[in-house]
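Numbering (the working numbering), first residue to last: 9 to 236.
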């Protein structure tokens, strides 16, 4: 019997990975969900890389230099490129740190390489700040916060919306009016909370939720939590 084909209408949404500080096994988990749910479209919701060493926040002196962090990130990226040859990446706030640092230094864009060149993204990896697939908007969620961020994003966009960014509040919420019913989904994150890069959250009451999501036919969202 022939195997069922992957369905382009089934969209796998990979959460914030913050490479090279991702949760061990998260890549395999995402591949497992892709296969199980027959996802023919892949979206990474942003913060593909962490850029901890060039953060505007306090950096950990026991972590790597910028050059070393990029080298370690490159190694892991090769595994992701191989696992997902075709992908849509929504750029997150951590992804944009290089551009922001350039502005801080007062340098024009022509002085810097484009994001996709820095990380050698494959040709079939599209990068943009948002994508619309089957009337659902996929965006990182920069500027949003709290446990209802995904719902607020959908309301602001006037259409169903999927975000990441808020690591500790994975979830799905629907809202209906006389005209329509839309949803917001936060796919959580794919980070290893024990890494020094996330030491800032040691005393936070809400901890990261490692998960990914799937949207079926632009209408039905589902969240998959990774067992840890």
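All C-beta atoms, glycine included, are put in the ideal place defined by N, C-alpha and C. Computed from a predicted structure; not experimentally measured.
Cβ separation of residue i and residue j, assumed to be a contact under 8 Å, to the nearest whole Å
i: residue 200; j: residue 174; result: Between residue 174 and residue 200 the Cβ distance is about 18 Å, and since that is not below 8 Å, they are no contact.
i: residue 21; j: residue 197; result: Actually they are not in contact, since the Cβ atoms of residue 21 and residue 197 sit about 12 Å apart, beyond 8 Å.
i: residue 208; j: residue 102; result: Wrong, their Cβ atoms sit about 13 Å apart, outside the cutoff.
Endpoints, alpha helix (DSSP H) assigned at residue i
i: residue 78; result: 74–91
i: residue 109; result: 105–112
i: residue 34; result: 34–44
i: residue 125; result: 123–126
Element boundaries [beta strand (DSSP E), containing residue i]
i: residue 47; result: 47–52
i: residue 219; result: 219–224
Separation of residue j from residue i, as counted between CA atoms
i: residue 14; j: residue 38; result: 15 Å
i: residue 93; j: residue 187; result: 39 Å
i: residue 121; j: residue 75; result: 15 Å
i: residue 34; j: residue 100; result: 19 Å
i: residue 28; j: residue 185; result: 42 Å
i: residue 138; j: residue 168; result: 13 Å
i: residue 126; j: residue 104; result: 12 Å
i: residue 10; j: residue 226; result: Note on residue 10: pLDDT 46, under 50, position unreliable in the model; the coordinate value appears next. Going from the Cα of residue 10 to the Cα of residue 226 covers about 26 Å.
i: residue 176; j: residue 132; result: 30 Å
Beta-carbon proximity of residue i to residue j, cut-off 8 Å
i: residue 106; j: residue 81; result: no
i: residue 55; j: residue 26; result: yes
i: residue 231; j: residue 192; result: no
i: residue 19; j: residue 218; result: no
i: residue 114; j: residue 149; result: no
i: residue 181; j: residue 156; result: yes
i: residue 45; j: residue 97; result: no
DSSP state of residue i mapped onto helix, strand, coil
i: residue 160; result: helix
i: residue 165; result: helix
i: residue 10; result: Below a pLDDT of 50, predicted positions are generally treated as unreliable, and residue 10, at 46, falls in that range; the measurement from the model is reported next regardless. Reduced to three states, the DSSP call for residue 10 is coil.
i: residue 192; result: strand
i: residue 236; result: coil
i: residue 20; result: strand
i: residue 184; result: strand
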